[in-house]
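Engineer:
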Amino acid sequence: MKELKHLNKYLYKYKTHLIAGIIITIVARIFLLFTPRYVKAIFSTIERYMNGEITKAVFRTELLHDILVIIGAALVGAILTFFMRQTIIIVSRYVEYDLKNEVYQQYQKLSLNFYKKNRTGDLMNRISEDVSRVRMYFGPAIMYSINTITLFVIALIYMFKDAPKLATYIIIPLPILSVIIYKLSREIHRRSTIVQQFLSTISGFTQESFSGISVIKAYGIENKTAHDFTELAADGKHKQVSLARVQAWFFPMMVLLIGTSNLLVIYVGGMQYINGTITSLGTIAEFIIYVNMLTWPVATVGWVTSIVQQAEASQKRINEFLKIEPEIQNTVTEPTDIHGDIVFKNVSFTYDDTNIQALHDVSFTLKEGQTLAILGKTGSGKSTILDLIGRLYDIDQGEITINGTPIENHNLNTLRSHIGYVPQDAFLFSDTIKNNIKFGKSDATDDEVVEAAKNAHVHKNIVKFSKGYDTILGERGITLSGGQKQRVSIARAIIKSPKILLFDDCLSAVDTETEEKILNNLKKILIGKTAIIVSHRVSSAKNADKIIVLEDGKIIQEGTHDSLVNAEGHYKDLYLKQLSKTE
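For the sequence shown, the numbering used here gives the first residue as 384, with consecutive numbering after it.
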């Protein structure tokens, strides 16, 4: 139960609803227990009438009274049961809502390293399936536990008061039922945990398959992927069937033990009636109703135990993530000023997951309003510099300052709100083109959206779509071409008019003519803003105030376009190579 302690805060948060639900549950059970008592009274009335102890008029009056009491109690009990579910079950939905938000917010805080080490399918399964199992702990588990305790206590008091010996015989099968259900529930829990783990696996497989459908089709491996899925699904089928076989024993065992208890009531009660120990057949009828009322609550002891075990297993999986401390900590609560002066001083950085040193002793200074271009081969550390400026990672050695203040001393939210980032792999959401651009500025007007699209040289492409800016994009923006996605991503970054703009090789999918038009538009946008352009093309870097060339995480060249093109080295070689291709 220690894993479920995390949920105590929700018990306290919704204590008013829960207390009200508990009271309603107890009162509802009390009213439902009127039925066996008044059924006994009806039998007694019939016996008295048959023995000539009361007149026909009295018989009718008493019989009608008892029937009306049973109907009235049943109606009141039914109404209270409705309100019981409206309080306790609704609380479980509130908790489900809160817990999902808590998990999602934690996902938002965790660093990129976390997402490199965990599969998306597993993350989705924990926030959906696992949270749903935890909800059962707050809903049915609490409700049925209270229901069972109330019925058991009150019914046993009445039963032992009326016929102690008969009550003793009757309750003998009930603990046996509870133990059997408990053992079944434990086995169900074990097998359902296996199924739960499988669901994470198949969720991850299908998510990757759907996300990479274009690659699957391009390589013509649909049959292989389908075969892999079939094998995975077959394994899941065996696990699900194994679980179903155990679950199939649940209700037959209940029916068997209910029947056994009823036979005991009839046989033992009948013998006691013959012997005169029980004076009324109504007692036997009363006990049969009690047995049928108690059997399901007693059975739920095992079922509730299973629910609690499953909830604890799921909450343990959830807690594993909730207890992870984000590697990037926002230690500054107050907003900080961001202008755009960026200094790297002897910065070194190594990726934890691969142990690859991406940067080694990198130093450069960028004043507010200046543009820096970074060139280098694949894997030289270009994108890493942008990630460090956005503080997606913390450095190992050295210092990064913005406006003369170490980057870790800036409010993280303020820092990122002043950065416009265009990634190399443009990611667009399954929404309209307009909303994808407005993602950078949620309150942007339509005119601002169009202006940003024009500056990114994508407006003409957008208006050709039948629904224009209201065109719904497929997952990851699959509706658009690579170049169009990059340009929409640029529009999303520039619409927020940030102090710092980071472009990570975001023009690689466009032709040189379109690139030149976009760069010319960016010149007026970048006035007074600090920008860093990562590229493989000299054409993207030539107008920058500063250019650095990286190789194996180290700066091997630094200067302006004119100085570098006149010096021997990687930049000149790249310039001549690309110049010859354009001629």
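Built from N, CA and C at the ideal position, the CB exists for glycine as well.
Where does GLY952 sit, in a helix, a strand or coil, going by DSSP?
Structural biologist: GLY952: coil per DSSP, three-state reduction.
Engineer: Within the continuous beta strand (DSSP E) that includes GLY759, where are the two ends?
Structural biologist: Residues 754–759.
Engineer: Let's see if you can read the secondary structure: which residues bound the beta strand (DSSP E) around GLU941?
Structural biologist: It spans 937–942 - the beta strand (DSSP E) in which GLU941 sits, taken as one unbroken run.
Engineer: At which residues does the beta strand (DSSP E) containing PHE633 begin and terminate?
Structural biologist: Looking at the DSSP string, PHE633 is not in any beta strand (DSSP E); the run it does join, the alpha helix (DSSP H), is 633–658.
Engineer: Name the DSSP beta bridge partners of ILE690, please?
Structural biologist: Beta-bridge pairing links ILE690 to no other residue.
Engineer: Tell me whether the stretch 461–476 and the stretch 525–533 touch, counting them as touching only if at least three CB pairs, one residue from each stretch, are closer than 8 Å.
Structural biologist: Result yes; three or more Cβ-Cβ pairs closer than 8 Å.
Engineer: Identify which residue in LYS500, TYR432, ARG509, LEU493 has its Cα closest to the Cα of LEU482.
Structural biologist: With distances taken between Cα atoms, LEU482 lies closest to ARG509.
Engineer: Against chain B, does ILE883 count as a neighbour if the rule is that its beta carbon must be under 9 Å from one of theirs?
Structural biologist: Here chain B cannot be found, since the structure has a single protein chain.
Engineer: Go ahead and pull the three-state DSSP assignment for GLU966.
Structural biologist: Because the pLDDT of GLU966 is 48, which lies under 50, any placement of that residue in the model is unreliable, and the number read from its coordinates should be weighed accordingly. If DSSP states are grouped into helix, strand and coil, GLU966 belongs with coil.
Engineer: At what residues does the beta strand (DSSP E) containing HIS743 begin and finish?
Structural biologist: Element bounds for HIS743: 740–749.
Engineer: From the DSSP output, which residues share a beta bridge with PRO789?
Structural biologist: DSSP, once it has assigned bridges, lists THR784 as partnering PRO789.
Engineer: State yes or no: is the C-beta of ALA924 within less than 9 Å of the C-beta of LEU758?
Structural biologist: The answer is yes: Cβ separation under 9 Å.
Engineer: For ASN794, which option in GLN740, ILE820, ASP720, PHE732 has the closest C-alpha, if you only look at C-alpha atoms?
Structural biologist: That would be ASP720, whose Cα lies nearest to the Cα of ASN794.
Engineer: If you follow the beta strand (DSSP E) that PHE848 is in, where does it begin and where does it stop?
Structural biologist: Run containing PHE848: none; DSSP gives neither H nor E here.
Engineer: Between which two residues does the beta strand (DSSP E) carrying SER880 extend?
Structural biologist: Where SER880 is concerned, there is no enclosing beta strand (DSSP E), given that its DSSP letter is neither H nor E.
Engineer: Mark PRO680 as exposed unless 16 or more other C-beta atoms lie within 10 angstroms of its C-beta, in which case mark it buried.
Structural biologist: By the neighbour-count rule (16 or more Cβ atoms within 10 Å), PRO680 is buried.
Engineer: By alpha-carbon positions, which one of ASN903, SER644, GLN693, VAL917 ends up nearest to LYS761?
Structural biologist: The residue asked about is misnamed: residue 761 is Thr in this sequence, not Lys. The option with the nearest alpha carbon to THR761 is VAL917.
Engineer: Give me the Cα-Cα distance between ASN496 and PRO709, rounded to the nearest whole angstrom.
Structural biologist: Their Cα atoms are separated by approximately 10 Å.
Engineer: Could you pull out every residue in the same chain whose Cβ sits closer than 8 Å to the Cβ of ASN926, ignoring the five residues on either side in sequence?
Structural biologist: Closer than 8 Å at the Cβ level, and outside the excluded window around ASN926, lie THR754, LEU902, LYS906, HIS944.
Engineer: Short of 8 Å in beta carbon distance, which residues of its chain neighbour SER592, apart from the five on each side in sequence? Order them along the chain.
Structural biologist: Result list for SER592: ILE599, THR608, PHE612, in chain order.
Engineer: Look at the alpha carbon of ILE425 and the alpha carbon of THR662, and state the distance between them as a whole number of angstroms.
Structural biologist: Near 14 Å, if we compare the C-alpha coordinates of THR662 and ILE425.
Engineer: Report the CB separation of VAL832 from ILE878 in whole angstroms; it is logged as a contact under 8 Å.
Structural biologist: Between ILE878 and VAL832 the Cβ distance is about 7 Å, and since that is below 8 Å, they are a contact.
Engineer: For the stretch 554–637, which segments carrying the alpha helix (DSSP H) assignment without a break, of at least 4 residues, lie completely within its bounds, in sequence order?
Structural biologist: If we require 4 residues or more, the alpha helix (DSSP H) runs fully inside the stretch 554–637 come out as 556–594, 596–601, 605–630.
Engineer: Comparing C-alpha positions only, which one of LEU959, VAL871, HIS722 sits nearest to LYS912?
Structural biologist: For LYS912, the nearest C-alpha among the options comes from HIS722.
Engineer: Hey, is TRP686 close to the ligand COA, as in C-beta under 8 Å from one of its heavy atoms?
Structural biologist: The model depicted lacks the ligand COA and carries no ligand whatsoever.
Engineer: Helix or strand or just coil, what does DSSP make of GLY404?
Structural biologist: In the structure shown, GLY404 sits in a helix (DSSP, three-state: H, G or I).
Engineer: Going by Cα to Cα distance, which pick from ARG574, LYS566, PHE442, GLY595 is closest to ALA627?
Structural biologist: Ranking the options by Cα distance to ALA627, first place goes to ARG574.
Engineer: With DSSP collapsed to three states, give me the class of GLU934.
Structural biologist: GLU934 falls in the strand class under three-state DSSP.
Engineer: What's the C-alpha gap between ARG920 and LEU885?
Structural biologist: Near 16 Å, if we compare the C-alpha coordinates of LEU885 and ARG920.
Engineer: What's the C-alpha gap between ALA824 and ILE873?
Structural biologist: According to the sequence provided, residue 824 is Lys. The question's Ala does not apply to it. Going from the Cα of LYS824 to the Cα of ILE873 covers about 13 Å.
Engineer: Can you round the beta-carbon distance between PHE417 and ILE553 to whole angstroms, since I take them to be within the 8 Å contact cut?
Structural biologist: About 20 Å separates the two Cβ atoms, so there is no contact after all.
Engineer: Can ILE343 and LYS622 be called in contact, C-beta distance under 9 Å?
Structural biologist: Limits of the chain in this structure are 384 at one end and 966 at the other, which puts residue 343 out of reach.
Engineer: Please state whether the Cβ-Cβ distance between GLU751 and LYS850 is less than 9 Å.
Structural biologist: No.
Engineer: Spell out a yes or no on whether the stretch 771–788 and the stretch 726–743 are touching, meaning 3 or more CB-CB pairs, one atom from each, closer than 8 Å.
Structural biologist: Judged by Cβ distances under 8 Å, the stretch 771–788 makes contact with the stretch 726–743, as three or more pairs qualify.
Engineer: By the DSSP assignment, the beta strand (DSSP E) with SER1039 in it spans what residues?
Structural biologist: Given that the chain is displayed from residue 384 to residue 966, the structure contains no residue 1039 and the question cannot be resolved.
Engineer: State the Cα-Cα distance for the pair THR737 and HIS389, rounded to the nearest angstrom.
Structural biologist: Rounded to whole angstroms, THR737 to HIS389 spans 34 Å at the Cα level.
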